[in-house]
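>
There are 2 protein chains.
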Amino acid sequence: MSTTDLFFSSDSVRTAQPLRYAQSVELPGPLRLEKGGELPAVTVVYETYGKLNEAGDNAVLVCHALSGDSHVARHTPDDDPGWWDIVLGPGKVIDTDRYFVICPNLLGGCRGTTGPGSINPATGRPYGQDFPTITIGDMVTVQRMLLDKLGIRQLRAVIGGSMGGHVAMTWAIRHPDRVRGCIAVATSARLTSQALAFDVVGRNAILRDPWFHGGQYYDKPTKPEVGLALARMIGHITYLSREAMQEKFEANRYQPREVPVEFEKKFSVGSYLGYQGKRFVERFDANSYITLTMAMDLFDLGGTVEELTATLRPARCRWLVISFSSDWLFPPEQSQDIVEALVANDIPVSYCNVTSRCGHDAFLLEDDLDRYGALIRDFLHHLDPDTAQPVRADLHGPKSIFHQQRIDYDHILNLIPPQASVLDLGCGRGSLLARLRARGHRRLVGVDIDEQAIVAAVGRGLDVVQADLNHGLRFFRDGQFDYVVLSLTLQAILDVEGVMREMLRVGRQGIVSFPNFGYHKIRRMVAEEGRSPKTAGQLHYDWWNTPNRRFFSILDFEEFCRDRQIRISRQIYLDTESGVEVTTDPNRNADLAIFVLSR
Amino acid sequence: MSTTDLFFSSDSVRTAQPLRYAQSVELPGPLRLEKGGELPAVTVVYETYGKLNEAGDNAVLVCHALSGDSHVARHTPDDDPGWWDIVLGPGKVIDTDRYFVICPNLLGGCRGTTGPGSINPATGRPYGQDFPTITIGDMVTVQRMLLDKLGIRQLRAVIGGSMGGHVAMTWAIRHPDRVRGCIAVATSARLTSQALAFDVVGRNAILRDPWFHGGQYYDKPTKPEVGLALARMIGHITYLSREAMQEKFEANRYQPREVPVEFEKKFSVGSYLGYQGKRFVERFDANSYITLTMAMDLFDLGGTVEELTATLRPARCRWLVISFSSDWLFPPEQSQDIVEALVANDIPVSYCNVTSRCGHDAFLLEDDLDRYGALIRDFLHHLDPDTAQPVRADLHGPKSIFHQQRIDYDHILNLIPPQASVLDLGCGRGSLLARLRARGHRRLVGVDIDEQAIVAAVGRGLDVVQADLNHGLRFFRDGQFDYVVLSLTLQAILDVEGVMREMLRVGRQGIVSFPNFGYHKIRRMVAEEGRSPKTAGQLHYDWWNTPNRRFFSILDFEEFCRDRQIRISRQIYLDTESGVEVTTDPNRNADLAIFVLSR
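These protein sequence lines are chains Y and G, in that order. Here the first sequence is numbered in this note's numbering, starting from 1 and rising by one per residue. Here the second sequence is numbered in this note's numbering, starting from 600 and rising by one per residue.
1. Straight-line CA distance for residue 851 (chain G) to residue 867 (chain G)?
2. Whose CA, out of Y:177, Y:107, Y:287, lies closest to the CA of residue 687 (chain Y)?
3. Could you give the distance in angstroms between the alpha-carbon of residue 407 (chain Y) and the alpha-carbon of residue 576 (chain Y)?
4. DSSP state of residue 404 (chain Y), grouped into three classes?
5. Is the Cβ-Cβ distance between residue 421 (chain Y) and residue 481 (chain Y) less than 8 Å?
6. Name the two residues that bound the continuous alpha helix (DSSP H) containing residue 24 (chain Y).
7. Going by CA-CA distance only, name the one from G:947, G:982, G:898 that's closest to residue 658 (chain G).
8. Applying a beta-carbon distance threshold of less than 9 Å, which residues of chain G neighbour residue 303 (chain Y)?
9. By the 10 Å Cβ neighbour count, where 16 or more other Cβ atoms means buried, how is residue 903 (chain G) classified, buried or exposed?
10. Got a sec: is the Cβ-Cβ distance from residue 426 (chain Y) to anything in chain G below 8 Å?
11. Any chance the stretch 1146 to 1157 of chain G sits against the stretch 561 to 581 of chain Y, with 3 or more Cβ pairs inside 8 Å?
12. Could you give the C-beta distance for residue 755 (chain G) and residue 698 (chain G), rounded to a whole number, given that I count them as a contact under 8 Å?
13. Measuring only between beta-carbons, confirm whether residue 210 (chain Y) sits less than 8 Å from chain G.
14. Along chain Y, which residues have their Cβ under 9 Å away from the Cβ of residue 1200 (chain G)?
15. For residue 341 (chain Y), which residues in chain G fall below 9 Å Cβ to Cβ?
16. Suppose the cutoff is 8 Å on Cβ atoms and the five residues either side in sequence are ignored; what does the same chain contact list for residue 914 (chain G) look like?
17. Could you list which residues in chain G have their beta carbon closer than 9 Å to that of residue 198 (chain Y), in chain order?
18. Restricting to runs no shorter than 4 residues, where is the alpha helix (DSSP H) found entirely within the stretch 188 to 250 of chain Y?
19. Could you pull the start and end residues of the beta strand (DSSP E) that residue 781 (chain G) belongs to?
20. Does the contact criterion of 3 or more C-beta pairs under 8 Å hold for the stretch 114 to 130 of chain Y versus the stretch 205 to 217 of chain Y?
21. Could I get the ranges of all uninterrupted alpha helix (DSSP H) runs contained in the stretch 1092 to 1130 of chain G, with 4 residues as the minimum, in chain order?
22. Counting only C-beta atoms, is residue 845 (chain G) closer than 8 Å to chain Y at any point?
23. Compare the Cα-Cα distances from residue 588 (chain Y) to each of Y:566, Y:553, Y:594, Y:597 and report the closest residue.
24. Answer yes or no: do residue 271 (chain Y) and residue 257 (chain Y) have a C-beta to C-beta separation smaller than 8 Å?
25. Taking 8 Å as the limit between beta carbons, can you name the residues of its chain near residue 245 (chain Y), skipping five residues before and five after?
26. Which two residues bound the contiguous beta strand (DSSP E) that contains residue 657 (chain G)?
27. Looking at residue 379 (chain Y) and residue 433 (chain Y), is the spacing between their C-beta atoms short of 8 Å?
28. Note the first and the last residue of the continuous alpha helix (DSSP H) segment covering residue 742 (chain G).
29. Identify the contact partners of residue 1154 (chain G) in chain Y, using a Cβ-Cβ distance below 7 Å as the criterion.
30. Return helix, strand or coil for residue 436 (chain Y), following the three-state DSSP convention.
31. Quick one: what does DSSP say residue 323 (chain Y) is sitting in, helix, strand or coil?
32. Between the stretch 331 to 340 of chain Y and the stretch 183 to 193 of chain Y, are three or more C-beta pairs nearer than 8 Å?
33. Please name the residue, chosen from Y:102, Y:211, Y:55, Y:531, that lies closest to residue 21 (chain Y) on a Cα-to-Cα basis.
34. Using C-beta distances below 8 Å, list every residue in its chain close to residue 451 (chain Y), excluding the 5 sequence neighbours before and after it, in chain order.
35. Using a Cβ-Cβ distance cut-off of 8 Å, determine whether residue 872 (chain G) contacts chain Y.
36. With contact counted as at least three CB pairs below 8 Å, one residue from each stretch, are the stretch 744 to 751 of chain G and the stretch 661 to 672 of chain G in contact?
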């Protein structure tokens, strides 16, 4: 957890500083709410960063999480730090020299925008628990009204993490015509039952606090501080990963900090939680906590991928979905469900599961900023309609079987007709896709297991999804692509049968290239020298460290296809050493084979 | 979660039934406590099952978890079910026709044994929070005094899960002369910071409940029921896995049950937790909850494997350690630390990480009983000094390279001198180890990644540890074994270098057998047919489904050893088809090679 002090994690100990740069607007009511009821009028507090350009197309809407507010980052060097200072600012990931950023405090919050602590005009006292049940959709409605008022018709992107991700996704679904890109970080289509359960316990702690008084505690000397602190303590545990907690508290398990709180202080982690709970109570309202967590708990884009696919159908902007490997509150599988539903709708999406030890809080911390920040920055960059998208030189591209160039790409490109949609399995940094894009193909998707490859491919403006081919291509519909390419990858795959089956389910045609272990030089190494084959290029590994695990020849592969009624419509055999196509006895004379397959 | 009803999970809704078969003894005081203070006298309530045999050596001590009690199982068909009814009884895993089982309610509990709800003789009223801090060690002291009183000198085994595992391990450390076997299930050397944090929040909920009255609530009309219920709700979430909660609550997320509780009932999972919390309050005492969780939180066998190794040094009985793959409260890595420390001390141990979807509660549920039950039953069986341990026929043993028998075993056995200690990597069901044991070897340990193989090997009375060779042999000390065997396994290993390095770190000698891909028949397949090699026996797989991923010859392996200064002290080359040793041109004429290696 790098530089973070024991008692300062994410936004948890920020106090309720005055919002020096916040602005406020009154939205005319009544606002009809999705779960019934209405609000007579709504105040929205928001902050902006940077300048709206002349075209009015550089606005980025930032949606805060449960305990956030409008203060994303400092406006001036002497300003208080915001909850996403590391991400937003001049020259940063969300570059305020380039984008006009707006972040409103969400409806139901307690930092200026109308919420349960606001005065109910009907009674002249705070709403308290009379504040109606609100939804993420209601929050979006209020944000939309704000943008209308500010004259912002078009958003370059909407971005949010956790509950902010719920808001961002709802924007993309409700107002696809106004959003160019949606960035959903550490979020989900709906909470897991486990996450929901923690919320329920937290709310119960508040609701059953004897000083809660049915929510009308505002004028009381004692407030439901114990209940709210308990809720926050539970929440805080769920925001951290188990590993992160070990790192934070194991070395000094029995050395609690001296903190002026009335909670148990026997253990280091206990003094930390007690302190976090106490500080949270100073800046957050118990009724808002109930209102906002309930909105999050009611958020539901579907309990199955099928339902989710239907819900996301209108969300036709470009998407970037980011999860964190150690996030157990919003686990990566939930992001993968979102990606699956987007892909099923042919909505362009990139997805990366960032390797992290920081749990759900990772998106607020600096530890993994090199990757999630790069993804966000590059994705935003490529949303710019004026951004030239040159095909960058691929310095780290894979190698030919005997040489440094991928000469199979030329042949594969020739096999794919113009305009065809293509899925590249094991796309790496996107070399083949970039060439296809340069040739004018529109619907291009890559899949790779490697995080760095995904980050690099997103950096090129490609749509790539991080996934393990061995676990199936569940992301994709039957026949979704004209061509599915598996270039020099099959030899490293565990589940050959599964990947081949999936490839020909998802693609109308499949193109497979592989090194031929029947090649005469390889045969000679085995037969004459009695040694494991090793060459330059693709086969430059030793027997004990090669990532290749399948050693097969053209004959082997033909038999494999024949046994499974896979139709071979085209075969290209290459001798990559001499750079020529092979026509006679390819199993002996070709070192590389390209097959075009179908069912 | 198979047959479990939504509202009946593990022991959670058992009510405080009268303990019809419980017995009670008074232990003379004062009992001096480890953290200071003393108890003037202690009452212990316990139940027994089965009969103590004449030798007095069939007693099994069962240690309950946090919310358990002395009532492990029903005594008669019409008795109330106990918390481990599925495991204990006539003919069951802990067979009461065979063993004499005793289970006392633990010190500090609230089901008969002295605890905070007992009358403090000094004041004439319940101890409440005047009850001293107790430790797991104090609980063991009380159990030991009870056994002394009952005349039970020797325990066949002590067994416990979760906190019960803490008690069982403490027995093995403190009284190794009285314990033949220790079975530690779903437990840890100390709590993770995350688990500790949840306990702290639960205690805070109780301590800050306004009806707690500093623990003197026994004569009050209102008790700290909300706090205790909140603590139980938090605990309950941590006992279940995320998957288990999905299965339980996803289908009916918005259909809460009608339950007569004052907690939030908006969601299915909420009504469940509210109900669980309410029922728990009916049978459990808030002060006991604080006392017992604190004892668990203070339990600490060491924060590092080094410390743990020192702590476990005296614990010289046989061990069985069981974890559950989806247990995130007591995660498998913690059991692996215990195993590592035991192995470092040359203490015999078997370890299995049971694949389960049930989380921490798995050991109380029927879902995975086929595996954890078999492990416990067989381990207990082989603790019997009278149990003959015949070498069972190995019906599922691995195959020779070309044939159905493992002819390499005979040669490997001949290479190992009598009495040598042996570690078998990739031991499978323990065929080689069983032959070594039959020959009189004492110190034999097996490692395998496969759960079923581990269960089978424990069934043969062997000491086997479930681990992935590719992740290193951290379990073992430098030079811990005379011989480390890697028979017909290297060809399936990803991290060849790492495994070879570890092998020669842990063993003074290493014995490696592998199929030779330089064999003339294989060369012929490659060279003449241009096909991936496939034979009967060990190489009966196809190129696309073989678990083998390393294809190397004797020459390749010799070079590998030479490059790493690995000393080859003996080479045996076999032609397993004709069953003869090969002496000329082995790289061409042998299909199987055995190397004896050292540094």
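Think of the CB as a built atom: it goes at the ideal place given N, C-alpha and C, for glycine as much as any other residue. Small disclaimer: the values here were computed from a predicted structure and weren't measured.
On the basis of the supplied data:
1. 6 Å
2. Outside the displayed range of chain Y (1 to 599) lies residue 687 (chain Y), so it cannot be described from this structure.
3. 7 Å
4. Confidence is the limiting factor: at residue 404 (chain Y) the pLDDT is only 49, short of 50, which leaves the residue's position unreliable and the question unanswerable from this model.
5. yes
6. Note, residue 24 (chain Y): premise wrong, no alpha helix (DSSP H); beta strand (DSSP E) at 23 to 27.
7. G:982
8. 849, 850, 852
9. exposed
10. no
11. no
12. 6 Å
13. yes
14. This structure cannot settle anything about residue 1200 (chain G), because the visible part of chain G is limited to 600 through 1198.
15. Going along chain G, no residue has its Cβ under 9 Å from residue 341 (chain Y), so there is no contact; the nearest lies around 17 Å.
16. 768, 771, 772, 775, 781, 941, 944, 946
17. 833, 836
18. 193 to 207, 225 to 239, 242 to 249
19. 778 to 784
20. yes
21. 1095 to 1105, 1119 to 1123
22. yes
23. Y:553
24. yes
25. 237, 269
26. Segment: none, residue 657 (chain G) is in no beta strand (DSSP E) and carries neither H nor E.
27. no
28. 735 to 749
29. 530, 531
30. helix
31. strand
32. yes
33. Y:102
34. 352, 353, 354, 355, 371, 466
35. yes
36. no
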